[in-house]
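To start, the structure itself, in structure tokens.
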Amino acid sequence: MKHQDIPLKSTNQAAIKSEINWPHQKKSCLFLSFDFDAETAWFDERAADSKQLVRMSHGGYGARVGVPKVLELLNHLNLSATFFIPGWVVETYTALCEDILNAGHEIGHHGYYHLKPSITEGQPKSIDSLEQSIEEIDRGFEALERCLGVKPIGYRAPCGENYDLILDYLSQKGIKYSSSWRDDILPYRHVLDSSLDSGNKGLLELPANSAFDDWNHGVMKGSSRNMLTREQVLSIWQDELEQTHAWGGLTTTVFHPQVAGRPSRFMILEQFLKHAQTIEDLWIANGESIFRHLEEQGL
Ligand SMILES: [Zn+2]
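Under my numbering, residues 373 to 671 are what the sequence shown spells out, in order.
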């Protein structure tokens, strides 16, 4: 494809909403979500990396310490979240994933090996075809259902990329909402060229906010940056939340237990969630509850 072939239209054709009626007279919504990637985040670019045990241990922390600590905190605060989990993690850490479910949290689809979807050859660090992307998605569904009896309705793209043909396929397979886009503070309904042909209603998007991706605060793979301090991260998160709240919007977190469960990061998470709970007219919910509400509203 050449640049001259790129059409002169916005890459997102979804209608722009001016406001959302949140339930219980709430002014805005916090979609509390975690990506439990474990080792997949460290071998998703090269399978051979899985032999590097110290490299893998960064991700393993999420399972050994991160998720149990996060579950303890959510239980203490009486909060329900969504955990997006790759199929490989579900098969490897089935008992822990059962703990997540039994604690009342939602489990969403997050690929199988956490491979970055692609529909064309030669994309950097991603799979090479629509067929391979679909295989990865099918394996994810299969693992969630066989190990946990879960038929997910939410999907977050591994490595944060997606395509209209893949969204359309997810919709055909029972996914109701996506949470990967970064382009709005309100939810919207995807409008896809491909779904016009198949007659599928586009997926609902619960857009995420990169400021709440905890990898981005210096705890990143290969990051040469220093970690941001508690004061810095809290100040960013609280400002993002409070302004989104003033706008009546949706704040979506992209927390990772292998990051958020590290001791100093855990203190930030705890303080942030406690702060969020002091905002009386903020609705804190998981993706499924938000999806159900928005569907009732006719979005
Ligand atoms: Zn992930």
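Beta carbons are placed, not taken as given, at the ideal position from N, Cα and C, and that holds for glycine.
Using only alpha-carbon positions, find the residue among the options that is nearest to residue i.
i, options, result
"Lys675", "Ala410, His665 and Leu671", "In the structure as shown, the chain begins at 373 and stops at 671. Residue 675 is therefore absent and cannot be evaluated."
"Ile525", "Gly532, Arg511 and Ser543", "Ser543"
"Glu667", "Leu576, Leu564 and Thr466", "Leu576"
"Arg561", "Thr412, Trp619 and Asp540", "Asp540"
"Ala410", "Lys497, Ile378, Ser400 and Glu463", "Glu463"
"Val631", "Phe584, Ile608 and Ile392", "Phe584"
"Lys573", "Gly659, Ser661 and Ala386", "Ala386"
"His482", "Ser607, Pro440 and Val461", "Val461"
"Ser671", "His375, Lys374 and Ile392", "The sequence shown places Leu at residue 671, rather than the Ser named in the question. Ranking His375, Lys374 and Ile392 by Cα distance to Leu671 puts Ile392 first."
"Asp536", "Trp619, Gln604, Ile506 and Arg511", "Ile506"
"Thr412", "Leu654, His628, Gln669 and Glu660", "His628"
"Trp619", "Ser596, Leu654 and Gly532", "Leu654"
"Pro379", "Phe415, Asp565, Arg554 and Asp555", "Asp565"
"Arg554", "Leu600, Val626 and Lys374", "Val626"
"Lys441", "Ser661, Lys381, Arg637 and Ile662", "Arg637"
"Val563", "Gln376, Asn384, Met373 and Leu600", "Asn384"
"Ile662", "Trp414, Gln495, Ile538 and His396", "His396"
"Met373", "Gln495, Leu600, Glu503 and Ile538", "Gln495"
"Ile491", "Ile538, Glu614, Thr466 and His375", "Ile538"
"Lys497", "Ser382, Gly532, Val437 and Gln610", "Gly532"
"Pro635", "Glu660, Thr601 and Gln376", "Thr601"
Given a cut-off of 8 Å on the beta-carbon distance, is the pair residue i and residue j in contact?
i, j, result
"Asn534", "Pro579", "no"
"Glu493", "Ser501", "yes"
"Leu622", "Ile557", "yes"
"His477", "Phe513", "no"
"Ser550", "Thr624", "no"
"Pro458", "Pro530", "yes"
"Ile499", "Leu487", "yes"
"Thr616", "Ser400", "yes"
"Ile656", "Leu402", "yes"
"Ala453", "Asn598", "no"
"Leu603", "Asn581", "Looking at the sequence provided, one finds Glu at residue 603 rather than Leu. Not a contact, by the Cβ cut-off of 8 Å."
"Gly633", "Val439", "yes"
"Leu606", "Leu449", "no"
"Arg528", "Tyr484", "no"
"Leu468", "Ala435", "yes"
Validate contact between the stretch 647 to 660 and the stretch 423 to 432 using beta carbons, cut 8 Å, 3 pairs: no
Three CB pairs or more closer than 8 Å across the stretch 445 to 452 and the stretch 506 to 523: no
In chain order, each beta strand (DSSP E) run of at least 3 residues that lies wholly inside the stretch 559 to 639: 622 to 624
Validate contact between the stretch 412 to 423 and the stretch 632 to 646 using beta carbons, cut 8 Å, 3 pairs: no
Whole runs of the alpha helix (DSSP H) within the stretch 385 to 472, excluding any shorter than 4 residues: 412 to 415, 425 to 433, 439 to 449 and 459 to 464
Residue ranges of each alpha helix (DSSP H) within the stretch 488 to 544, 4 or longer: 502 to 520 and 536 to 544
Stretch-stretch touch, CB-based, cutoff 8 Å, three pairs: the stretch 460 to 479 with the stretch 403 to 411: yes
Cβ contact (3+ pairs, closer than 8 Å) linking the stretch 544 to 551 and the stretch 586 to 605: no
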